[in-house]
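Colleague: Numbering of the sequence shown is given in the working numbering, commencing with residue 892 and proceeding in unit increments. All C-beta atoms in this analysis are idealised placements derived from N, C-alpha and C, irrespective of residue type, glycine included. Values in this document were obtained by computation on a predicted structure and should not be read as measured data.
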Amino acid sequence: MNRTNLNTDVFAKAAEAFREQRGLVFTIEWRRFPWTRRPDVDRALVGPAYLGNVSIGLKNGYSWGYQDREGTWRYVLRDRLDLLVDSVVEDRAGHSPPLPRRSGRGPVGEHRG
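1) May I have the straight-line CA-CA distance separating GLY985 from GLY914, to the nearest angstrom?
2) Please specify which runs of the beta strand (DSSP E), each continuous and at least 3 residues long, are wholly inside the stretch 920-962, giving them in chain order.
3) Assign ARG983 to one of three DSSP states: helix, strand, or coil.
4) Please state whether DSSP places ARG971 in a helix, a strand or coil.
5) From SER978 to VAL932, what does the alpha carbon distance come to, in whole angstroms?
6) Judging by CA-CA distance, which residue of LEU968, LEU942 and LEU949 is the nearest neighbour of TRP921?
7) Who are GLY913's beta bridge partners in DSSP?
8) Going by the beta-carbon positions, is the gap between PHE917 and ALA906 smaller than 7 Å?
9) When you compare only the Cα positions, how much space is there between TYR957 and PRO930?
10) To the nearest angstrom, how far is the alpha carbon of THR963 from that of VAL945?
Structure representation (structure tokens):
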């Protein structure tokens, strides 16, 4: 098994952990991280809008890395998927702007009767 297949399995397991533990769907995509060299890209888990489309990468095959709301990089050991799920959700939940209201209101200052 080559490194790409190994990483795919690790990423699939991590995506499954998010789905099973929190009901969140992550995709596996290609992204650049601070530890990748130009023009290289690495596999990444990409979260839903609810988590600000967070990108989670596997640094050196040893630890998961992602940015919290303030842009600080956080790291979790690769085998600690339970901790990764909890940390990402705690750090990123509600990161994106709230959804627009669906009430019958028109533009600001205008009310419908």
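Modeller: This is what the structure holds:
1) Indexing the sequence shown from 1 puts residue 985 at position 94. Indexing the sequence shown from 1 puts residue 914 at position 23. C-alpha separation (whole angstroms): 15 Å.
2) 933-937, 946-950 and 954-958
3) Here residue 983 corresponds to residue number 92 of the sequence shown, with the count starting at 1. DSSP places ARG983 in helix when its eight states are reduced to three.
4) Translated into the one-based positions of the sequence shown, residue 971 becomes position 80. In this structure, ARG971 counts as coil in the three-state DSSP scheme.
5) Mapped onto the sequence shown, residue 978 falls at position 87. Mapped onto the sequence shown, residue 932 falls at position 41. Taking the straight line from one Cα to the other gives about 24 Å.
6) For the purposes of this step, residue 921 is taken as residue 30 along the sequence shown, with counting starting at 1. Of the candidates LEU968, LEU942 and LEU949, the one whose C-alpha sits nearest the C-alpha of TRP921 is LEU949.
7) Indexing the sequence shown from 1 puts residue 913 at position 22. The amino acid at residue 913 is misidentified as Gly; the sequence shows Arg. None; ARG913 has no bridge partner.
8) Residue numbering aside, residue 917 sits at position 26 when the sequence shown is read from its first letter. Residue numbering aside, residue 906 sits at position 15 when the sequence shown is read from its first letter. In this structure, ALA906 lies closer than 7 Å to PHE917 by Cβ.
9) Looking up residue 957 in the sequence shown gives position 66. Looking up residue 930 in the sequence shown gives position 39. Cα-Cα distance, rounded: 20 Å.
10) Locating residue 963 in the sequence shown gives position 72, where the first residue counts as 1. Locating residue 945 in the sequence shown gives position 54, where the first residue counts as 1. Roughly 12 Å between the two C-alpha positions.
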